[in-house]
Ligand SMILES: Nc1ncnc2c1ncn2[C@@H]1O[C@H](COP(=O)(O)OP(=O)(O)OP(=O)(O)O)[C@@H](O)[C@H]1O
Ligand SMILES: Nc1ncnc2c1ncn2[C@@H]1O[C@H](COP(=O)(O)OP(=O)(O)OP(=O)(O)O)[C@@H](O)[C@H]1O
Ligand SMILES: [Mg+2]
Ligand SMILES: [Mg+2]
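Protein chains in written order, with the working numbering: chain L, 231 to 546; chain R, 218 to 742; chain W, 1493 to 1792; chain D, 2 to 378.
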């Protein structure tokens, strides 16, 4: 795989710019990368990707890709929102997509910019239902990465879901930190989790990037349960990951590339939720045994209710 | 066949970036003799000894110890060959005990890896009692007086079984009594078969103690003589290369009004100990008050309180009748107090600053050197050129860093700065310490000139001869108090030395203060 | 605030700090300031995961952590002892180098600039259950923490003995106070300083190994300032192993309490400031002026 | 001698940078890439276009402030590791001022925000400065601690108090438009330089250059600077000379923090026009490296910041267009610093030749040496 600086005739090229945490986080960024690889595989597109070093590099990097005439440029993470806005206007012939785009109220996006948003709170609601039903102690935990609004969304949905399934459930919430490092501190994630387990919590949902690797590690060590996030993390500790709140960033990325290729690309905000499988909870061979029929029924019921709009999940 | 010489050094050469410290030096020290090495500051004495000891590699030359060639040796080799050295600046670790300092590097062990602390203590006690040293092996160095520290250094050397002892300026910091005790010890060591190399600036001591003398100047040997066949004047001439005035000519003082009056002054040290207690002083215009005392008896603290560097605990300081107790150093300076600090490099100069910058230090904030917070570089330079010319500073360049000047010239920079601007009170602390004969002459003359121009001078010095020659009155400090005051001329070195140990009880103006430091031998003397 | 889980967390969080602070102590006792601890910690973490990744044996990983720590500290030793360059400058540069190099190598080895895949962790020390009550008792005590926790605690006491009871310790302390004095007694100051700095590398490298092996993974910049905190703990502990232990436990405890306090109404950000504010208050109030080894920071 | 010293101080960083590139080239070679190609891309990114040069200056700008902060404190003998915290507080205060004022002409708004930025940094730095002066607590530890505290504090404020409504991103709303520093593209074009509009280079770089001049002036031309240098080189001598050491330390720290706070002029007033949580990601720490490389002189800081600006700009180009990650540049920067300090020592020693006997003047005086020497056996 050799990225090109100059355009080769007729080859379709995709550039991807990662968020803090970067490629290999086994979670959010990797999910986006999987989508890119899938598209590359299927459509034979060329691709390059990089991770900006400093905040100002986000915009400059996007511009460099645009100047090099990439056909599609995908930013992974809400931190690209502002840069995307200004670059997209300057390069109307390049298509841009931003995962977790931070849309402003009443904003209309340029025709070449797609904001890909996910209703994480819905998925979080569902795993909250599962957590509340699985806990033996009646205490469940949440561990967030950086203490910012995006992660508060996960927390809010999770707690609402748990309360929905079992109003008496008690919840413990913790955040790793206040810097981006909070998404990459598994040592601290593990300690936070062990502490919660030590206090009687037996299921912890994490929304903390690779910090969560520590949470899952703690679940294995303490013989308790964790809930993965973004990617399907069930395999990371079979039997100890109750489920994963899967955010199909891969699908969104794949669809975006595909839509450009088949000419259906449209700018504007696109929301992915339970209805279109943009958000899901993972059941596979690693956690089959943990999800009882009763649980499965309850969670499907909640899912249907959310899709139908009879349950409105809070965002904060 | 046994070698007749304990030490043979041939053609030793050592260059430093700006100076040739040793230039083809030969040194022979016979077995069982006390061999003195004399020479001005910077003549290369310490360098030669450091080379001998293996601390500094020579650029060229050959060394034999009792006939055995030492090649590229390190101190450990020298120690093994029977060499021991008491350095000019003591090589003691303050935070360790006496015993730890002594055994360091050659520790008695138990179980192969642990220090045998009991054995160490025992060995130190034994050596110490053998020579009447009275050292407590468990005492920390930081609590010892200089005299005791020196004994620790000697025990260190003896502990390693040294047969050849080098003592680099061992008497510089001792009272006359301590000096004679040291000489007793050294003679006893000579009787025991040791060879001793003895470096000093004090020619009296050479004549008194040494068998033979090597004289150095500018890195070279300028003479080797039998002590019995020479005089101080001859030695001085060989050292300096010209005739030297060994005494200062001084007119009698014409004292005026009281400039400085100190009443009931007290100060406390770091651990709350009293470092100054009930000090009364008075100095009038046109007179020199000398303060004598063994280092660490409150002289430093007295100077610090007078110059505003230390808080007074009780009492008051009156300058020209006005109370200045507790004023900041700057306020006191602005009232016309000049200060030559005891450690020129630590407190007197900013070595990395240029000579010009150093020459305004303390007055940099005033006109004409500064205006509205902005420096006036031409005024500063002009001032520097003037002082350089007046005081014959070398090199005559205002832009060189003060740290590159020789010690003597560094001291001259301070003297020039402090004397400039006609101070009413001059506090001079150890103004000639570590400065060679030529510079000493300059400083002494400048001091007396200040006096004759009507300044009051407070002179603190460990050098008794300096105190005796320059002072009009002499105060002796011991244990933070002034234990005796004398008119100059009515007192001899012996009496002063005795007073400095706190053991002197005679005289109307003297107050005795116990005998914390006195040893039985001294009181008996 | 006084529950067992908090003490457990405190001790585990303190472990890398303890090892690193001990490292800093050996270095500074020999007269070399070691700001590079942060980078050494990071490199140790990285190396331990690489070795474990390839061998599958976390003990080999721990050893690799030590080795890497020694190698990195060797750079510091050469730059600051042989070339007599400014020790702080050297340390800052090494931290930068460690940050860059570990990420660079992570990318080369695993194709990710963020983290490694998970590797095997260290099994706790336990006796087989078949030994009955004895095994259960022993396991409850010894098996409670990861092995390196005990290694770190043992290192504290061994360091204490080494510093205060052995010739090596005496010489090391003397070197940091007054190198000339040590040289005149025939002890090679350079060797002592090398020993101090390399030991510090070994200990901090092991600290990094604990950090990474305990989470079974290397993550970029996972030292996250712990090297600096360890340095603070060493000063806080007045350059004594037992003092440093106490300081590290305090930091670990403050950190654990901070975690424990979360979600109780106080904003996370403020709770997370507790250890830092505590350090500052302690430095002003309880400790006041601390006296480093007299010659530390001074090239010889 | 003096010229020699100046020569050394220029030569050693240049040689070190060259050597560092050599080592970096070997690293590139080791991973099977062509160093020529990688360095080609790197320099193309930095110098290949006016846009690139603008980016170099833009990237150098915050480093100039951060480097000055470290260098300035260093002159007073203080090691300010707290630039990161100081620049956060300065930037936050700057943004806050820009949010609090509703309308103001640029002639008032810009100075107001600049003062707020400097004051924020100064305030944060004054705490460790005061603790050092009053209690003797080492500033290194306290500045490190205060970095963490500043990040937490600003994070709290921006997430919970000042967050832009309806946004996920933890950032404040945009500040008063009249307080924005203009981008330089327009001005450059007026001068015939084709700097693209999108180039983020803004008037903050001019403030940075002024800050370099100001730091130089304070240090070498004012009484305060004289006192700061005296205290830094020999506090005891300064005290002896009547300089109020404690006051000087606090003032030096204050000014150092003010320089750090001015990072806000680029980040808040010139580029982002708001405070973004955690925007810095280590500018304060890179400031240490910049100051060290620049030998703690204002002009040295400027040059070192430009070098780092080149490397950072080129790094992005390498990052985007090749498989070699940007961390290579970090490695390069670290090697440069190590080589500069080592090279400096080595060169200084090489150049300071020892005196040899032949050069010594007047070779007499050895005449009577050995007069009484015995024969060696
Ligand atoms: N530690 C040192 N490092 C570098 N240079 C030194 C050192 N000590 C002294 N020098 C230089 O060696 C030279 C001689 O210094 P020294 O103090 O011995 O001079 P001196 O011959 O005694 O002169 P003076 O008669 O003025 O005291 C000076 O130029 C000084 O700068
Ligand atoms: N490490 C050094 N670097 C540079 N110059 C040095 C060094 N050590 C000594 N010198 C210089 O070498 C010369 C000889 O110094 P040395 O210490 O041997 O003199 P000394 O005769 O012992 O003087 P003093 O009576 O002051 O002790 C001096 O000019 C001194 O400044
Ligand atoms: Mg000497
Ligand atoms: Mg001299």
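Yeah, the Cβ is synthetic: ideal placement off N, Cα and C, and Gly gets one too.
The C-beta separation of residue 1552 of chain W from residue 1543 of chain W comes to about 5 Å, placing the pair in contact by the 8 Å criterion. Under a criterion of Cβ atoms nearer than 8 Å, the residues of chain L adjacent to residue 152 of chain D are, in order, 408, 409. At the C-beta level, residue 1502 of chain W and residue 1736 of chain W stay beyond 9 Å of one another. Sorted by position in the chain, R:233, R:236, R:238, R:256, R:258, R:259, R:260, R:261, R:262, R:263, R:264, R:305, R:651 make up the residues whose C-beta lies under 6 Å from a heavy atom of ligand 2. The secondary-structure analysis by DSSP pairs residue 477 of chain L across a beta bridge with L:509. Contacts between residue 310 of chain R and chain W, judged by CB atoms closer than 7 Å, involve 1666, 1669, 1670, 1673 in chain order.
Neighbours of residue 487 of chain L in chain W, taken as residues at a C-beta separation under 7 Å, are lacking, since the least C-beta distance is about 21 Å. Along the region 289-306 of chain R, the positions whose C-beta sits under 9 Å from a C-beta of chain W are 291, 292, 293, 294, 295, 296, 297, 302, 304, 306, read in chain order. Per the C-alpha coordinates, the member of L:383, L:266, L:436 positioned closest to residue 375 of chain L is L:436. In the pairwise beta carbon analysis, the region 351-359 of chain L is classified as touching the region 390-402 of chain L: at least three pairs are separated by under 8 Å. In the DSSP secondary-structure assignment, residue 502 of chain L is bridged to L:348.
If you keep only unbroken beta strand (DSSP E) runs of at least 3 residues inside the region 407-437 of chain L, you get 433-437. Under the DSSP definition of a beta bridge, residue 1684 of chain W lacks any partner.
Annotation for residue 699 of chain R: the continuous beta strand (DSSP E) segment containing it runs 698-704. Secondary-structure assignment with DSSP links residue 414 of chain R through a beta bridge to R:252, R:383. Here the alpha carbons of residue 148 of chain D and residue 286 of chain D stand approximately 10 Å from one another.
Residue 315 of chain D and residue 288 of chain D have their C-alpha atoms spaced approximately 19 Å apart. The Cβ-Cβ distance between residue 331 of chain D and residue 1596 of chain W falls below 9 Å. Taking residue 128 of chain D as the centre and dropping the five residues before and after it, the same chain places the C-beta of 143, 147 closer than 8 Å to its C-beta, in chain order. In the three-state scheme derived from DSSP, where H, G and I count as helix and E and B as strand, residue 298 of chain L is classed as coil. In the three-state DSSP reduction, residue 1607 of chain W falls in the strand class (E or B).
Annotation: the continuous alpha helix (DSSP H) that includes residue 343 of chain R extends over 334-347. The Cβ atoms of residue 126 of chain D and residue 70 of chain D sit closer than 9 Å to each other. Using a C-beta cut-off of 8 Å, the region 409-420 of chain L makes contact with the region 1712-1719 of chain W, since at least three inter-stretch Cβ pairs fall below that distance. For the region 139-168 of chain D, the set of residues with a beta-carbon nearer than 8 Å to any beta-carbon of chain L comprises 152, 153, 156, 157, 160, 164, 166, 167, 168, in chain order. For residue 284 of chain D, the closest Cβ of chain L is nearer than 9 Å. Taking a contact as a CB-CB distance under 8 Å, the pair residue 536 of chain R and residue 676 of chain R does not count as one, their CB atoms being some 17 Å apart. Using a CB distance cut-off of 9 Å, residue 429 of chain L counts as an interface residue toward chain W. Checking the DSSP bridge columns, you'll see residue 285 of chain L has no partner listed.
If you look at residue 499 of chain R, you'll find it isn't in any alpha helix (DSSP H); it sits in the beta strand (DSSP E) that goes 491-501. Of all residues in the region 1697-1718 of chain W, the ones placed with a Cβ closer than 7 Å to any Cβ belonging to chain L are 1703, 1706, 1707, 1708, 1709, 1711, 1712, 1713, 1714, 1716, in chain order. Distance from the Cα of residue 263 of chain D is smallest, within the candidate group D:64, D:150, D:238, for D:64. Setting aside the 5 residues that flank it on each side, residue 608 of chain R is surrounded in the same chain by 629, 633, each with a C-beta closer than 6 Å to its C-beta; the list follows chain order. Look at residue 226 of chain D: its C-beta is under 9 Å from a C-beta on chain R.
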